[in-house]
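Notes follow once the structure below has been shown.
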Amino acid sequence: MLAVLRTARGFATATDEQDVLRLAADAARGVLGYKACAIARRAPDGSFCYQYIAGLAADESRRLRELTLTADAFDALMAAATTIQGVRWVPPGHPVRERADVIAGTVPTDVSVEGETWERGSLLFVPMADASDRIVGFINPDDPLSGNLPDLSEALLLESLAEMTQVGLEAAQARSDAQRALAVAEAQRGQLEALLTASVEVRDRAALDEVLGGIAVAMTTAAGFRRAVIYLLEPSSQMLYVRADVGLPEADRKRMRETPVTRSEFAEMMRPEMQMSRSFLLDHRYFEVPAQLDEKLSIPAPDPNWVDGMWHAEDSLTVPLEDGDGSLLGIISVDEPVSGRLPALTDIHALELFADQCSLAVAQAKRYEQAVADAGTDPLTGLPNRRALDARAGQLVANAARAGRPCALVFMDLDHFKQVNDEFGHLTGDVVIAAVSRTLVERLRAGDLVARYGGEEFVAVLPGADLDGAVHVIEGVRSAVAALEVEGVGTTPLRISAGVTLVRPDEPLDRAFARADRALYQAKRGGRDRIEVSA
3 MLAVLRTARG FATATDEQDV LRLAADAARG VLGYKACAIA RRAPDGSFCY QYIAGLAADE
63 SRRLRELTLT ADAFDALMAA ATTIQGVRWV PPGHPVRERA DVIAGTVPTD VSVEGETWER
123 GSLLFVPMAD ASDRIVGFIN PDDPLSGNLP DLSEALLLES LAEMTQVGLE AAQARSDAQR
183 ALAVAEAQRG QLEALLTASV EVRDRAALDE VLGGIAVAMT TAAGFRRAVI YLLEPSSQML
243 YVRADVGLPE ADRKRMRETP VTRSEFAEMM RPEMQMSRSF LLDHRYFEVP AQLDEKLSIP
303 APDPNWVDGM WHAEDSLTVP LEDGDGSLLG IISVDEPVSG RLPALTDIHA LELFADQCSL
363 AVAQAKRYEQ AVADAGTDPL TGLPNRRALD ARAGQLVANA ARAGRPCALV FMDLDHFKQV
423 NDEFGHLTGD VVIAAVSRTL VERLRAGDLV ARYGGEEFVA VLPGADLDGA VHVIEGVRSA
483 VAALEVEGVG TTPLRISAGV TLVRPDEPLD RAFARADRAL YQAKRGGRDR IEVSA
């Protein structure tokens with residue numbers, strides 16, 4: 003009895019579940035006198051698997067470890083067994099031993115000491131029950147060195163050993179859970195600190211693309227995901243565009259950048275039943291990625307070693323970016339957590355706190371981007387103004403030069419525009435300017451730049467066009483403008499004069515501007531409604 007009590011004290015200090023099982027088997031063998039002992043525990047499906055085996059030959063031990071005793075087989079053994087205190091005994095000749103599932107889940111062993119009541123093939127087991135009296139395992143002592151079945155006092159010790167083993171297992175599990183919870187809490191604290199640091203860095207950036215790129219990087223460093231995609235919502239079209247990403251295969255990255263997703267399509271990834279706090283977890287065990295989205299997302303290959311409860315390749319976490327009034331600005335979509343586990347609510351809260359800081363940065367960057375756009379946009383026509391022209395024309399010329407292609411520069415002026423203002427008023431003049439600007443945008447080629455230079459003057463940069471090509475394009479523009487019917491100006495014809503030149507790669511841009519401007523005024527002096535080329 004003292005030896006059993008010492009074993010009980012050992013259970014109190016066992017470091018893990020395997021240590022508890024070892025102590026229990028050692029007690030059955032060294033204290034209670036059994037040559038062998040196996041301990042089985044109930045699996046989630048109700049069957050019993052052998053988790054610890056001691057005292058058997060290597061081949062017997064290996065064979066038993068590979069077996070599973072089904073729940074039906076165990077119930078049949080319980081019903082057929084003779085009870086000795088809390089111990090169950092089934093003799094070798096009992097009909098239940100002929101059941102296929104019982105044979106498949108047990109291994110008969112030899113007898114070391116011939117006795118009066120123990121025979122080869124006898125099955126002795128002691129159920130282990132949890133606090134709710136549900137049987138969660140059993141101890142299977144075998145081959146008693148006394149050669150006999152246990153008497154009442156020994157059966158009582160075996161029953162006590164089973165109870166202490168279960169208590170020890172629960173205590174070891176609780177310690178393990180506490181250590182794991184502490185480790186998770188430490189990781190979450192570190193993650194939150196890293197996210198808050200990242201949010202400060204993100205908010206220090208002014209350009210929108212830099213902000214979005216910073217968010218994507220933070221999700222794959224501070225937040226601990228291998229993949230991150232940042233979508234931005236275009237309010238007018240309600241389309242979600244990928245603006246930043248980390249960890250995507252190049253083919254997926256290119257496809258997703260070129261294929262925006264409608265907000266209604268992505269709403270399938272943000273259904274109310276998926277909601278955790280303000281975020282949305284698509285758990286593949288309960289939801290499927292909609293077919294229409296499957297080819298618009300990047301879904302990694304499944305892990306062949308995946309186990310239930312861990313992150314799966316088809317899982318997805320979506321964290322919305324919202325402004326102060328709850329309007330959607332964009333979406334953070336993350337995948338493949340480095341930890342391999344599904345996020346807990348505390349993880350979600352940390353991500354949402356970071357997302358709130360990012361939303362402020364996105365809203366601020368959008369305001370900055372809009373201010374920059376407004377500063378470079380002519381308010382009447384919506385075309386780039388002179389400031390934006392200066393900034394963008396040089397880049398177009400440089401790109402054409404690198405590609406070994408020419409680049410034409412065109413100055414255009416609306417003829418007799420003062421007459422329109424004098425006869426019909428300045429408001430009507432504004433209508434004419436707006437109509438002409440729309441025509442220019444429609445008739446110039448994709449990739450061309452057109453800007454309002456001032457008053458009734460416009461400038462176009464035509465990358466890839468030589469002098470003949472530029473003249474051909476501008477002739478089309480002049481014809482379209484001449485065909486315009488603008489309300490309020492009656493039958494007054496609209497005519498354009500233009501000056502065309504080529505920009506040399508090695509010359510200052512303002513010199514080419516001056517040359518095109520001189521060609522324009524030469525066209526005006528030559529009678530207007532014409533194109534003049536400066537070689």
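3 is the number of the first residue of the sequence shown in our numbering; add one for each residue after it. Backbone N, C-alpha and C define an ideal beta-carbon position, used for all residues, glycine too. Note that the structure is predicted; figures quoted are calculated from it, not measured.
* Can you tell me the Cα-Cα spacing of residue 48 and residue 118, whole angstroms? -> By one-based count along the sequence shown, residue 48 stands at place 46. By one-based count along the sequence shown, residue 118 stands at place 116. Distance between the alpha carbons of residue 48 and residue 118: 36 Å.
* For residue 449 and residue 273, the rounded distance between their alpha carbons -> By one-based count along the sequence shown, residue 273 stands at place 271. By one-based count along the sequence shown, residue 449 stands at place 447. One C-alpha to the other measures close to 41 Å.
* For residue 105, is the classification buried or exposed, using 16 other Cβ atoms within 10 angstroms of its Cβ as the cut-off for buried? -> Within the sequence shown, residue 105 is the residue found at index 103, counting from 1. With fewer than 16 Cβ atoms within 10 Å of its Cβ, residue 105 is classed as exposed.
* Please name the residue in 315, 263 and 145 whose C-alpha comes closest to that of residue 32. => Counted from its first residue, the sequence shown places residue 32 at position 30. Closest option to residue 32, Cα to Cα, is 145.
* Within 8 Å, strictly: CB atoms of residue 260 and residue 295 -> Counting from one through the sequence shown, the residue named residue 260 turns up at place 258. Counting from one through the sequence shown, the residue named residue 295 turns up at place 293. No. Outside cutoff.
* Drop a sphere of 10 angstroms on the beta-carbon of residue 120, count the other beta-carbons inside from all chains shown, and report buried for 16 or more, exposed for fewer. => Position 118 of the sequence shown, counting from 1, holds the residue named residue 120. So residue 120 counts as buried.
* To do: Determine the direct distance from the alpha carbon of residue 402 to that of residue 509, and round the result to whole angstroms.
  => For the purposes of this step, residue 509 is taken as the residue at position 507 of the sequence shown. For the purposes of this step, residue 402 is taken as the residue at position 400 of the sequence shown. Rounded to whole angstroms, residue 509 to residue 402 spans 14 Å at the Cα level.
* Asked: Do you know offhand how far residue 503's Cα is from residue 517's?
  -> As a first step, residue 503 must be located in the sequence shown, where it is residue number 501. As a first step, residue 517 must be located in the sequence shown, where it is residue number 515. Going from the Cα of residue 503 to the Cα of residue 517 covers about 7 Å.
* Give me whichever residues DSSP pairs with residue 25 in a beta bridge. => Taking the first residue of the sequence shown as position 1, residue 25 is located at position 23. In DSSP, residue 25 forms no bridge with anything.
* Closer than 7 Å by C-beta to residue 347: which residues in its own chain qualify, once you throw out the five before and the five after it? Chain order, please. => The residue given as residue 347 occupies position 345 in the sequence shown. Closer than 7 Å at Cβ, skipping near neighbours: 278 and 279.
* Asked: Given a threshold of 16 other Cβ atoms within 10 Å of its Cβ, counted over all protein chains shown, does residue 342 qualify as buried or as exposed?
  -> In the sequence shown, the residue the question calls residue 342 occupies position 340. It counts as exposed.
* Would you call residue 534 buried or exposed, if buried means 16 or more other Cβ atoms sit within 10 Å of its Cβ? -> Position 532 of the sequence shown, counting from 1, holds the residue named residue 534. Counting Cβ neighbours within 10 Å, residue 534 comes out buried, since at least 16 surround it.
* Run of the beta strand (DSSP E) containing residue 142, from where it starts to where it stops -> The residue given as residue 142 occupies position 140 in the sequence shown. It spans 137 to 146 - the beta strand (DSSP E) in which residue 142 sits, taken as one unbroken run.
* To do: Mark residue 168 as exposed unless 16 or more other C-beta atoms lie within 10 angstroms of its C-beta, in which case mark it buried.
  => Counting from 1 along the sequence shown, the entry for residue 168 is found at position 166. Buried, since its Cβ has 16 or more Cβ neighbours within 10 Å.
* Any chance you could list the beta strand (DSSP E) runs of at least 3 consecutive residues sitting entirely within the region 351 to 401, in chain order? => none
* Asked: Out of 452, 290, 74 and 60, which has the shortest C-alpha to C-alpha gap to residue 378?
  -> On the sequence shown, position 376 is the one that residue 378 refers to. Selected option, being the one with the closest Cα: 452.
* To do: Find the nearest neighbour of residue 96 within the set 468, 108 and 79, judged by alpha-carbon distance.
  => Looking up residue 96 in the sequence shown gives position 94. Nearest of 468, 108 and 79 to residue 96, Cα basis: 79.
* Proximity of residue 229 and residue 338 at Cβ, strictly below 8 Å -> Within the sequence shown, the letter at position 227 stands for residue 229. Within the sequence shown, the letter at position 336 stands for residue 338. For residue 229 and residue 338, yes; Cβs fall inside 8 Å.
* Whole-angstrom distance between residue 499 and residue 525, CA atom to CA atom -> The residue labelled residue 525 in the question sits at position 523 within the sequence shown. The residue labelled residue 499 in the question sits at position 497 within the sequence shown. About 6 Å.
* Asked: So what does DSSP say about residue 272, is it helix, strand or coil?
  -> Taking the first residue of the sequence shown as 1, we reach residue 272 at position 270. In the three-state scheme derived from DSSP, where H, G and I count as helix and E and B as strand, residue 272 is classed as coil.
* List the residues that DSSP assigns as beta-bridge partners of residue 92. => Walking along the sequence shown from the start, residue 92 turns up at place 90. DSSP lists 125 as partners of residue 92.
* Under 8 Å between the Cβ atoms of residue 54 and residue 99? -> Reading the sequence shown from its first residue, position 52 is the one you call residue 54. Reading the sequence shown from its first residue, position 97 is the one you call residue 99. No, the Cβ-Cβ distance between residue 54 and residue 99 is not below 8 Å.
* Considering only the beta carbon of each residue, do residue 142 and residue 126 sit closer than 8 Å? -> In the sequence shown, counting from the first residue as 1, residue 142 sits at position 140. In the sequence shown, counting from the first residue as 1, residue 126 sits at position 124. Contact flag set, yes.
* Throw me the rounded Cβ distance for the residue 298 and residue 340 pair, which I believe falls under 8 Å. => Taking the first residue of the sequence shown as position 1, residue 298 is located at position 296. Taking the first residue of the sequence shown as position 1, residue 340 is located at position 338. That belief does not hold up - the Cβ atoms of residue 298 and residue 340 are roughly 25 Å apart, past 8 Å.
* **Continuous alpha helix (DSSP H) assignments of at least 4 residues falling wholly in the region 199 to 261** => Complete alpha helix (DSSP H) runs here, min 4: 210 to 222 and 252 to 260.
* So is residue 16 buried or exposed if we call it buried at 16+ other beta carbons inside 10 Å? -> As a first step, residue 16 is located in the sequence shown; it is residue number 14 there, counting from the start. With a threshold of 16 other beta carbon atoms within 10 Å, residue 16 meets it and is buried.
* Is residue 97 helix, strand or coil when you go by DSSP? -> In the sequence shown, counting from the first residue as 1, residue 97 sits at position 95. It is helical.
* Straight-line Cα distance separating residue 352 from residue 63 -> Here the question's residue 63 lines up with position 61 in the sequence shown. Here the question's residue 352 lines up with position 350 in the sequence shown. C-alpha separation (whole angstroms): 48 Å.
* Would you mind stating whether residue 211 and residue 255 have Cβ atoms separated by less than 8 Å? => By one-based count along the sequence shown, residue 211 stands at place 209. By one-based count along the sequence shown, residue 255 stands at place 253. No, these two residues do not count as a Cβ contact at 8 Å.
* Kindly identify the DSSP beta-bridge partner or partners of residue 130. => Indexing the sequence shown from 1 puts residue 130 at position 128. Its beta-bridge partners are 139.
* Mind checking who residue 324 pairs with in its DSSP beta bridge? => Residue numbering aside, residue 324 sits at position 322 when the sequence shown is read from its first letter. Residue 324 is bridged to 330.
* Residue environment, residue 44, which counts as buried when at least 16 other CB atoms sit within 10 Å -> Start at 1 with the first residue of the sequence shown, and residue 44 comes out as number 42. With a 10 Å radius around the Cβ and a threshold of 16 neighbouring Cβ atoms, residue 44 comes out buried.
* Asked: Is the region 427 to 439 in contact with the region 481 to 491, if contact means three or more CB pairs nearer than 8 Å?
  -> yes
* Shortest alpha-carbon distance to residue 110 belongs to which of 292, 122 and 39? -> On the sequence shown, residue 110 is found 108 positions in, with the first residue counted as 1. Ranking 292, 122 and 39 by Cα distance to residue 110 puts 122 first.
* Straight-line Cα distance separating residue 455 from residue 376 -> Within the sequence shown, the letter at position 374 stands for residue 376. Within the sequence shown, the letter at position 453 stands for residue 455. About 16 Å.
* Work out the CA separation of residue 92 and residue 82 for me, nearest whole Å. => Looking up residue 82 in the sequence shown gives position 80. Looking up residue 92 in the sequence shown gives position 90. When rounded, the distance between both Cα atoms is 7 Å.
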